[in-house]
Amino acid sequence: MSDATAFAEVGVPVPLGQRFTYAIPASLAGRVVAGARVLCEFGRRKLAGVVLAVRDDAAGLDPARVKPLVAVLDAEPVLPGELLQFLEELARYYVAPIGEVLRLALPAVEREVVRELEAQGELLPGEGPARTRQVGRPVLLAQATDRVEEPGRLRGQAAAVLAWLRGNGPTFVSELSARHGNARAALRKLVELELVTLERRSGVGRGTDAEELARDAPPELLPAQRAAVDAIGAALGRSEGFLLFGVTGSGKTEVYMHAIARCREQGRGALVLVPEIALTPQLLGRFRARFGDEVGVLHSALPEAARHRMWQRLRSGELRIAVGARSALFAPVRDLGLVIVDEEHDGSFKQEEGVRYHARDMALLRAHRASAVTVLGSATPSLESVALVRRGKLTELTLPERATRAAMPSVEIIDLRRFGPGPSGERLLSLPLHRALEKCLEAGEQAIVFLNRRGFAPAVLCQGCGVVQSCKLCSVALTYHRRDGSVRCHYCDSLGPLPERCPACSGVLTLEGLGTERLEAALAEAFPAARVGRLDRDVAAGAKSARIIERMRRGELDILVGTQMVTKGHDLPRVTLVGVVNADAALSIPDFRASERGFQLLVQVAGRAGRHERSGRVLIQTYNPDHPAVVCAARHDVPAFLEGELRERQEVGYPPFRRLALVRVSAVDEGVARQAAGRLAAVARKTASEVEVIGPAPAPIARQRNRFRFRVMLRARDRAPLRAVLLALARFLPELHRDVRVVLDVDPVSML
Ligand code: ADP
Ligand code: ZN
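Everything in the sequence shown is counted per the numbering used here, starting at 119 for the first residue and increasing by one.
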C-alpha cells in the first residue's frame, strides 16, 4: 500500500522482543522523531509505541505489508536519545522485550494518557501532537495520624485505605481513588475517626515538604575524602568508574555530594541510586540541604502524578540531580555527568520481576554510554565490583577511617554451643547478650538487636506426627504471627488462623523458633523498664519505617529489634550496642552468595554501633564461630574476606569468574513443569558447546503459589555464547505447554 519514503521503527508495549516497522504517511512527514510516542495499529488494536529510530530506506521490507502510523503523540521526544539507546542496550543484555523495557522508563501517566485520549475520541488519523494532561491543580493529600483504631472497628475499604496510608505514607486522594474503589467515602469515615488527616496542596511535585531548607555548609574534607573527590573530579567528562570502598561512617555520602558539586560546576547533571530502604528523610534532607531545589527524589511511595511531574521537571532540566531507588536508573537526567550507586552491594538493586535488571550493572552501562563517571560506594563491596577493580575496569578509592574519628566497634563472637540462655530463659538471648544489654541500658544508651526472621515463631510443629505446618500453595513452613493469631506464608502472603490441633493427626502443636515479634516480647519482659521497638515488614513499610528510626534518633526507644531493615545506613548517634541474635540464619541459605551476603549483613549491622563519641560494642551469636564471614566481620577485615571468597568462587567456577543465567520454569502440574524444563535444557545443550547446562533440577523452593518450579542453570566464561543460548530459548518458548511460565534471569541474584 505504502508509497512512503520514511519509516519508523517502533517499540510496542507488548511482551514481544522485536521492533515493528511502520510507514510514516505524508501527513506526518517530518514530525516523527526518535523517542516520541506514536499510535500504531497492532493487530486489531491501536497501541502507543515509542519510536526507536527513523529510517528512509525500505530495505528488507515488503511495502505492501507495512502499515502507516496512525498518529504522533509528542512533538518532542519523551525519552531523550541517550536514554533511548541505553534502553535498547539493556533490552539486548537481558534478552528482554523492548516493549517491556520501554515501560520501565515511561511513568505510568505517560502510558495512560494515550488510553484516555483514545477514549475521548481526541485522536484522529494523522493528528498530532496531542495534548498531554497537565497536573497542577490543587490536590488533597491524605495522611494517617498516630491514633490507633479500636480493634475490629474498621472493615473493607476503610481498613484497606488506612493500611495503605500507614504502609506507604502520605498519598494523594486521586491516587487512593484509583487504587480503592470507594476511597472518598472511606476517607470521610477515617477523618471522622481522626485516623487520617487531609491537607490541601496546590501544585504537585514541589516535594512533600514545602518549607525551604536552609543550605548547609559542607564540612572540611578529611585527606582520604579529598583524594577521592579529586580523583572523581578529574575524571569528569570521561566514562570512568570508581569503587569507593569506605568503612561504615567513613563519610562516603560527603564524597558523593562534593563530587556532585564538581559535576554541577561543569553544568552537568547527576544521578544517585540508593537502596529503597535508605531513602530516609535523613539522607534526603542532606541532599536537599546541599543542593536545594535542584534535587528530585524518586521512590516507590511517590504517587503516580507526582512521579510524572518529577520526570517532566528532570527532562526539562529544571531539576538536575535525581536521587532514588532502583527504578531511578531510568530518570531522564539532562546531560548526565555522574552516576552514583550507594551501597552498591545491596540486593535490592536487582529487580526480581518483569525485566530482571540489575541497577548497579546497568548504571555502569548507562554512564559509559553517556561519557559519565560512575561511583560505586560500599563498606562491603560486592565480589562483582572487586573483580572489576582487579580487571582494571574500576579504580578503587578507599576511606579507611570513620569521619567522626570514632573507633570501629569492638566485636565479640558468642559461641552458642558454649553459652546457654540468660535469665530470660530464651535460648537465643544468651547470658553475654543479656548482660551487655543491661549495661547499655544502665548507661542510658541505645541498642539494636538484629534477627533475620519476622513473625513470632518461624515454625509450627506437631508433637504427635512431627510434621511442620506448611503452606498449601508453597513448599515452605508457615510462620506464626501473634498479633493477629495467624499463620502466614512468607512466600505467597497467604494466611489463616492457627489451627488448635494438627490437621493431620489432631496432635498438639508447638511454636518453634524465634522471630522478631517473639524477640521483642522476650526483651520487653526481660527488661521491663526499657522501651522496646520493632522494625520489620510487618510493622512498617515505606514512610512508617522512617518514623520508627526517627523515634530511635530522638531517644524515644531504648532497644530496637528488627530484620535487615535495621542494618542499612542509619546514623543513630546514641546506639552503642548491636546484638546479632543468629548469624547462622543468613549463612545457611542454599545459594553461592550466602556467605557474601551474611558477611555484608554482619558488617553493616555492626557499623550501626558507636558511630560518634561513645564507643560501640557488637555481639555476634553463632553456632559456627569459625565461619570466615563471622571471623572476618569480627575483625573488620573486609579485604581478607573478599580475598578468601574470591578464591573460593574461582575454584568452584561461580561469578564473578563465570557468567550465569537461570532459566526458571513453573507450572501448576509438576510433570508439565519438569518436561518443559527438560526440553529447554535440551535446546540449550544443542545450541552452544561453550555453555555448561546444569539441570533441570527442582528449585530450592520446589513449589510456590501452587506452581511447581524447576530450573536450569547456564554457565559460561563469556557472554556471547550464553546470549546465543538465551536467544535460542526465547525463540523456543512458544512451543511449550501454555500453562508453563519461563523466566530468563541473566546474572541472577536470588538462586531460590
Ligand atoms: P557513610 O556514608 O560512609 O556511612 P557519612 O557520609 O554518613 O558516612 O558520614 C558519617 C558521619 O560523619 C556523618 O555524621 C557525617 O556528617 C560525618 N562526616 C562526614 N565527613 C565529615 C568530615 N569531613 N568532617 C566531619 N564530619 C564528617
Ligand atoms: Zn505460600
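Here a beta-carbon is modelled for each residue, glycine too, at the ideal position from N, C-alpha and C. Note that this is a predicted model, so its numbers are computed, not measured.
(request) Compute the beta-carbon to beta-carbon distance between F828 and A842, rounded to the nearest angstrom, for a pair I have assumed lies under 8 Å. (result) Actually they do not touch by this definition, with Cβ atoms about 22 Å apart.
Worksheet item: Rounded C-beta distance between V128 and V190? I'm assuming under 8 Å.
Response: Contact doesn't hold; Cβ gap of about 11 Å is too wide.
Excluding the 5 residues preceding and the 5 following L397 in the sequence, name in chain order all residues of the same chain whose CB lies nearer than 8 Å to its CB. V415, H417, V441, G442 and A443
ask   = ligand 2 heavy atoms versus the CB of R753: any closer than 8 Å?
value = no
key: CA nearest to the CA of S663, picked from A223, G285 and R149   = G285
Q. Where A214 and A838 are concerned, what is the direct C-alpha to C-alpha distance, given to the nearest angstrom?
A. 16 Å
Bounding residues of the alpha helix (DSSP H) (the contiguous stretch that carries L483): A477 to R487
DSSP beta-bridge partners of I142: In the DSSP output, where bridge partners are listed per residue, I142 has none listed.
What are the boundary residues of the alpha helix (DSSP H) that includes P341? P341 to A353
Closer than 6 Å between the C-beta and any heavy atom of ligand 2: which residues qualify, listed along the chain? C589, L591, C592, V594, C607, Y609, C610 and S612
| task | Assuming M683 contacts I395 (C-beta within less than 8 Å), just tell me the rounded distance between them. | result | 6 Å
Say yes only if the C-beta of A102 is nearer than 8 Å to one or more non-hydrogen atoms of ligand 1, and no if none qualify.
-> The chain is shown only over 119 to 870; residue 102 falls outside these bounds and no answer can be derived.
Exercise for review: Please indicate yes or no: does the CB of T371 lie closer than 8 Å to some heavy atom of ligand 1?
Suggested key: yes
Cβ contact check for the segment 514 to 521 and the segment 787 to 796: 3 or more pairs under 8 Å:
no
Exercise. Determine the extent of the beta strand (DSSP E) in which S784 is found, giving its start and end residues.
Key: R777 to A785
DSSP state of Y598, grouped into three classes? strand
If you measure from the beta carbon of L305 to each beta carbon in chain C, is any gap under 9 Å? Within the model displayed, chain C is absent; a lone protein chain is all it includes.
Exercise for the section: Can you check DSSP and say which residues form a bridge with C580? Expected result: L627
Fill in: Continuous beta strand (DSSP E) stretch holding I531: start and end
S528 to D533
Check: Is L517 near ligand 1, in the sense that its beta carbon is under 8 Å from a heavy atom of that ligand?
Finding: yes
### Helix, strand or coil at P757 [DSSP, three-state]
helix
Going straight from the alpha carbon of A658 to that of P288, what length do you get? 14 Å
Taking 8 Å as the line, does the beta carbon of P101 fall inside it for any heavy atom of ligand 1?
This structure cannot settle anything about residue 101, because the visible part of the chain is limited to 119 through 870.
Based on DSSP bridge pairs, tell me the residues matched to K164. E159
Alpha carbon of P145 to alpha carbon of C610, nearest angstrom: The sequence given here places Ser at residue 145; Pro does not occur at that position. Roughly 52 Å separates the two Cα atoms.
Quiz item: Would the beta-carbon of F826 fall within 9 Å of that of R792?
Solution: yes
Exercise. When you compare only the Cα positions, how much space is there between L73 and F360?
Worked result: Outside the displayed span of the chain (119 to 870) sits residue 73, for which this structure offers no information.
On the DSSP letters alone, give me the boundaries of the beta strand (DSSP E) that L678 sits inside. I677 to G680
Within the present structure, is the beta-carbon of E178 separated from the nearest heavy atom of ligand 1 by less than 8 Å?
Per the sequence presented here, residue 178 reads as Gly, with Glu not at that position. No, ligand 1 has no heavy atom inside 8 Å of this Cβ.
**Message:** Between which residues of its own chain and L653 is the CB-CB distance below 8 Å, once the five residues before and five after are set aside?
**Reply:** S663, I666, I667, L678, V679, G680, T681, M683 and V684
Is V132 helix, strand or coil when you go by DSSP? coil
I'd like the list of long-range same chain contacts for L179, defined as Cβ closer than 8 Å, with 5 residues on each side in sequence excluded. F125 and T139
Can you grab the Cα-Cα spacing for the pair L224 / L197, in whole Å?
8 Å
* Excluding the five sequence neighbours on either side, which residues of its own chain have a C-beta within less than 7 Å of the C-beta of E206, listed in chain order? -> L170 and I216
Next on the checklist: Can you list, in chain order, the residues of its chain with a C-beta nearer than 8 Å to that of R753? Leave out the 5 residues immediately preceding and following it.
Outcome noted: V529
Just to confirm, is the Cβ distance from R406 to L456 under 9 Å? no
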